[in-house]
Amino acid sequence: MLLASITFKLLIPLILGSEINISKYKAVLLHRHNFIRQSRNKCEHTYMPPSETELTDLIWDDGLAITAQMYAKRCRNVISSPHERTTCKWKSVGQNVAEVGEIKDAPALWRDGARYYEYKDDLCTKENDEYYCDSFKQIVYANTTHIGCGAHLCNENIDSKKYIVVCNYALAAHGRPYADGTITRCQMSPS
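Just so you know, the sequence shown maps onto residues -17 to -1, 1 to 174 in mature numbering (1 follows the signal peptide of the UniProt record, and there is no 0).
Listed below in structure tokens is the structure:
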């Protein structure tokens, strides 16, 4: 019986994956999110208007990070229910989840969902189930001010690693991510 107990304890990390210290990735995840937000302040994108007001940089929130880490440990590549991501401070919490080979790549995966978003009609077109425009909308939502992320190594194959990255956002996105700034920010000066 003792041998079975020891064997089970040794196998648990192989089944459940490995704990990730998110503090090592905090700066890069925050930077990549803020870079995406800052890009929406510019008039250079033809497929989508810029934000009418400047999108501010997100601020790291440890409470959001704790709930994100708890969910990442489940190794599920689907968003959690809204009540699972609330904190004492935040009741309206959005979430992005990604399965990636490198933790730092999650924000780019979510950003790529922009190509499936039609701003004019506020619609997501799901041509490819791998990318969802709701993830992009959450990153650039004007009323989102705080972020916290977690990650878990869920597959430790020799050939490939699979991380689940979860980022929680306050406030949660609803509707269009921001007001259209084309007229106010992108008018060409008369020649």
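Think of the CB as a built atom: it goes at the ideal place given N, C-alpha and C, for glycine as much as any other residue.
**Prompt:** Identify the residues that DSSP records as bridge partners of E67: which are they?
**Reply:** In the DSSP secondary-structure assignment, E67 is not bridged to any residue.
**Item:** Cβ-based neighbour list, V76, same chain, cut-off 6 angstroms, excluding 5 preceding and 5 following
**Value:** The beta carbon of V76 lies closer than 6 angstroms to those of R68, T69, N151, A153, A155 in the same chain, with the five residues before and after it left out.
**Request:** Tell me where the alpha helix (DSSP H) around H157 begins and ends.
**Result:** Run containing H157: none; DSSP gives neither H nor E here.
**Chain-order list of residues whose beta-carbon lies under 6 angstroms from that of E113 (same chain, five-residue window excluded)** = Confidence at E113 is low in this model, with a pLDDT of 46, below 50, so the placement of that residue should be treated as unreliable; the coordinate-derived value is given next. Within the same chain, E113 has no close Cβ partners at all.
**Prompt:** Which partner residues of E2 appear in the DSSP bridge assignment?
**Reply:** Answer by DSSP bridge pairing, in chain order: H135.
**Asked** Is it right to say P90 is buried, meaning 16 or more other beta carbons lie within 10 angstroms of its own, or is it exposed?
**Response** It is buried - the Cβ of P90 has at least 16 other Cβ atoms within 10 Å.
**Asked** What residues match up with S75 in a beta bridge as DSSP calls it?
**Response** Beta-bridge pairing by DSSP links S75 to no other residue.
**Item:** Whether D45 touches R20 by CB criterion (8 angstroms)
**Value:** It is not a contact, given that the beta carbons lie outside the stated cut-off.
**Asked** Is there contact here, the stretch 45 to 55 with the stretch 129 to 136, by at least three beta-carbon pairs under 8 angstroms?
**Response** With three or more CB-CB distances shorter than 8 angstroms, the stretch 45 to 55 counts as touching the stretch 129 to 136.
**Request:** Give the straight-line distance between the Cα atoms of V80 and K103, rounded to the nearest whole angstrom.
**Result:** Taking C-alpha positions only, V80 is separated from K103 by approximately 26 angstroms.
**Asked** What is the rounded straight-line gap between the Cα of E139 and the Cα of S22?
**Response** It is roughly 35 angstroms from the alpha-carbon of E139 to the alpha-carbon of S22.
**Asked** Tell me which same chain residues have a C-beta within less than 7 angstroms of the C-beta of K25, skipping the five on either side of it?
**Response** Cβ neighbours of K25 beyond the five flanking positions: P33.
**Asked** Since C150 sits in a beta bridge, which residues does DSSP pair it with?
**Response** According to DSSP, C150 shares a beta bridge with N79, C132.
**Item:** Distance, Q78 Cα to P160 Cα
**Value:** Straight across, the Cα-Cα distance linking P160 with Q78 is about 14 angstroms.
**Asked** My guess is that Y99 and T108 are in contact by the Cβ rule of under 8 angstroms, so how many angstroms apart are they, rounded?
**Response** Y99 to T108, Cβ: 5 angstroms. Contact.
**Item:** Close-in-space but distant-in-sequence residues of the same chain around W73 (CB under 6 angstroms, 5 per side omitted)
**Value:** If the five residues before and after W73 are omitted, its C-beta is found closer than 6 angstroms to the C-beta atoms of A153, all from its own chain and listed in chain order.
**Asked** Between V83 and E2, what straight-line distance do the alpha-carbon atoms span, to the nearest angstrom?
**Response** Their Cα atoms are separated by approximately 15 angstroms.
**Message:** I need the straight-line Cα distance from K56 to C169, nearest angstrom please.
**Reply:** So the alpha carbons of these two residues sit roughly 44 angstroms apart.
**Prompt:** Do G164 and E35 have their CB atoms nearer than 8 angstroms?
**Reply:** Contact: yes.
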